[in-house]
Amino acid sequence: MSTPVTYRDLLIDRYRLVYDWVPPGTSRILDVGCGNALFTQWLRDRAGAVYGVDHNPRNCRLGKHDYPELHLAASAAEHLPFPDNHFDTVICSDTIEHTDDDQASVEELLRVLRPGGTLVITVPQGGLFGWLDGENLVNGLFELVRRLRLPKPGGGRVLQRFRFRPHRHYSVGRVRTMVGERASLEAISQGGLFLYPFCYLLEKIAESFFGRDLVTADYRWLRRLRDWDFRHQYGPLAFNLAVRFRKWDEG
71 MSTPVTYRDL LIDRYRLVYD WVPPGTSRIL DVGCGNALFT QWLRDRAGAV
121 YGVDHNPRNC RLGKHDYPEL HLAASAAEHL PFPDNHFDTV ICSDTIEHTD
171 DDQASVEELL RVLRPGGTLV ITVPQGGLFG WLDGENLVNG LFELVRRLRL
221 PKPGGGRVLQ RFRFRPHRHY SVGRVRTMVG ERASLEAISQ GGLFLYPFCY
271 LLEKIAESFF GRDLVTADYR WLRRLRDWDF RHQYGPLAFN LAVRFRKWDE
321 G
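As structure tokens, this is what we get:
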């Protein structure tokens, strides 16, 4: 399946924020969960050297082909292939919620970040409409069907190879707890209330069950409305959470 339009739009919104939060004078920057580096390459004019890791080797190959000046490697967030205190800025956008071990992943982000460096994390927040998460609702339905072990024509059971991994949601307090006392919280963004999860759910249903795109690039008015919604701050009610930390200097 192709990446839903609504999800791509959300990534763009979040990455604009991430881009603005990268401090000037950054020498080395790491993007953890970089995918095919489509957004990572935005950082080329914000740092002297841009690194990225993704758990999917195919994504890294595509990124290396399209952006050969980037330093990309296939790696899980829980085991980053870099020495301690190596980066001025570490970004982890829309990744922590997908990892096998989110705490171990945060430990690694802090390990490779130099003292005084900047850490930026974006995640879905367990806000007022967190229950509308399209990934969890649609995939949860598939998981229910799998557990029913319904027979399918030709033998076997429906969706027996399907594996449901819940899309985790976070609060500011939860992220601060994972980071602990090793970094100070500098900034919080809690934008977007209802439009993103609602539109994404509709699009996910249309794609999964009807094989068609519900939201297309022609819906410019909807994009503008979603952009406004994302920029508006709703506090703990918001669907999106971004936090920026500064790692304490050693000693």
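All the letters of the sequence shown, read from the start, carry residue numbers 71 to 321 under our numbering. Quick reminder that beta carbons are idealized off the backbone N, C-alpha and C, glycines included. Remember, it's a predicted structure, so these values are computed and weren't measured experimentally.
Going by the CB atoms, is the gap between T110 and C104 shorter than 8 Å?
Numbered from its first residue, the sequence shown carries residue 104 at position 34. Numbered from its first residue, the sequence shown carries residue 110 at position 40. In contact: C104 and T110 (Cβ atoms closer than 8 Å).
Residue ranges of each beta strand (DSSP E) run of no fewer than 3 residues wholly in the region 163 to 196, ordered along the chain?
183 to 194
Flag this pair as yes or no: are the beta carbons of C130 and D124 separated by less than 8 Å?
Here the question's residue 130 lines up with position 60 in the sequence shown. Here the question's residue 124 lines up with position 54 in the sequence shown. Their beta carbons are under 8 Å apart, which means C130 touches D124 by this criterion.
Assuming R116 contacts D158 under a Cβ cut-off of 8 Å, what Cβ separation, rounded to an integer in Å, is found between them?
Translated into positions along the sequence shown, residue 116 becomes position 46. Translated into positions along the sequence shown, residue 158 becomes position 88. So it is not a contact: roughly 10 Å between Cβ atoms.
Nearest by alpha-carbon distance to Y270: which of L214, F300, E205 and E320 is it?
Taking the first residue of the sequence shown as position 1, residue 270 is located at position 200. Cα-wise, what sits closest to Y270 is E205.
Residue from A174, F264, P93 and G305 with nearest C-alpha to D203
Start at 1 with the first residue of the sequence shown, and residue 203 comes out as number 133. Measuring from the Cα of D203, the nearest candidate turns out to be F264.
What does the alpha-carbon distance come out to for the pair R316 and D299?
Taking the sequence shown and counting its residues from 1, the one referred to as residue 316 is at position 246. Taking the sequence shown and counting its residues from 1, the one referred to as residue 299 is at position 229. One C-alpha to the other measures close to 28 Å.
How is the alpha helix (DSSP H) around H135 delimited, first residue to last?
Position 65 of the sequence shown, counting from 1, holds the residue named residue 135. It spans P127 to D136 - the alpha helix (DSSP H) in which H135 sits, taken as one unbroken run.
Buried/exposed call for G224, threshold 16 Cβ in 10 Å:
Here the question's residue 224 lines up with position 154 in the sequence shown. Exposed: under 16 other Cβ atoms inside 10 Å.
Three-state secondary structure (DSSP) at R231?
Residue mapping note: residue 231 aligns to position 161 of the sequence shown, counting from 1. Three-state result, R231: coil.
For G27, the first and last residue of its enclosing alpha helix (DSSP H)
Residue 27 lies beyond the residue range present for the chain, which begins at 71 and ends at 321; the question has no answer from this structure.
Are G196 and H239 close, meaning C-beta to C-beta below 8 Å?
Here residue 196 refers to the residue found at position 126 when the sequence shown is read from its first residue. Here residue 239 refers to the residue found at position 169 when the sequence shown is read from its first residue. Yes; because the gap between Cβ atoms is below 8 Å, this pair is in contact.
R84 and D164: beta carbons closer than 8 Å?
Start at 1 with the first residue of the sequence shown, and residue 84 comes out as number 14. Start at 1 with the first residue of the sequence shown, and residue 164 comes out as number 94. Yes; because the gap between Cβ atoms is below 8 Å, this pair is in contact.
Rounded straight-line distance, which links the Cα of D101 to that of K134
Looking up residue 134 in the sequence shown gives position 64. Looking up residue 101 in the sequence shown gives position 31. Approximately 14 Å, taken between the alpha carbons.
Only counting the same chain, and skipping five residues up and downstream in sequence, which positions put a Cβ closer than 6 Å to that of R314?
Numbered from 1 along the sequence shown, position 244 holds the residue referred to as residue 314. The residues are W91, V190, E256 and A257.
Nearest residue (CA-CA) to R98, options L140, I82, V88 and L132:
Start at 1 with the first residue of the sequence shown, and residue 98 comes out as number 28. R98 has its Cα closest to that of L140, out of L140, I82, V88 and L132.
I need the straight-line Cα distance from W201 to P138, nearest angstrom please.
Walking along the sequence shown from the start, residue 201 turns up at place 131. Walking along the sequence shown from the start, residue 138 turns up at place 68. Those two C-alpha atoms are separated by around 40 Å.
How would you label T169, buried or exposed, when you count the other beta carbons within 10 angstroms and need 16 or more for buried?
Stepping through the sequence shown from its first residue, residue 169 is reached at position 99. Burial call: buried.
Pick from G261, F309 and L295: whose alpha carbon is nearest that of Q303?
On the sequence shown, residue 303 is found 233 positions in, with the first residue counted as 1. The shortest Cα separation from Q303 among G261, F309 and L295 belongs to G261.
Residue burial classification, S259 (beta-carbon count within 10 angstroms, cutoff 16)
Position 189 of the sequence shown, counting from 1, holds the residue named residue 259. Label assigned to S259: buried.
Which complete alpha helix (DSSP H) runs does the region 196 to 223 hold, if anything under 4 residues is left out?
204 to 218
Take R252 and list the residues in its own chain whose beta-carbon comes closer than 8 Å to its own, dropping the five residues that flank it on each side.
The residue you call residue 252 lines up with position 182 of the sequence shown. Closer than 8 Å at Cβ, skipping near neighbours: L180, K317 and W318.
CA-CA distance, L311 and V176?
By 1-based counting over the sequence shown, the position of residue 311 is 241. By 1-based counting over the sequence shown, the position of residue 176 is 106. Spanning the two alpha carbons is a distance of roughly 16 Å.
Could you check whether D297 and M248 sit closer than 8 Å to each other, using their CB atoms as the reference points?
On the sequence shown, residue 248 is found 178 positions in, with the first residue counted as 1. On the sequence shown, residue 297 is found 227 positions in, with the first residue counted as 1. No, the pair does not count as a contact, with Cβ atoms beyond the cut-off.
Name the two residues that bound the continuous beta strand (DSSP E) containing S97.
Taking the first residue of the sequence shown as 1, we reach residue 97 at position 27. Element bounds for S97: T96 to V102.
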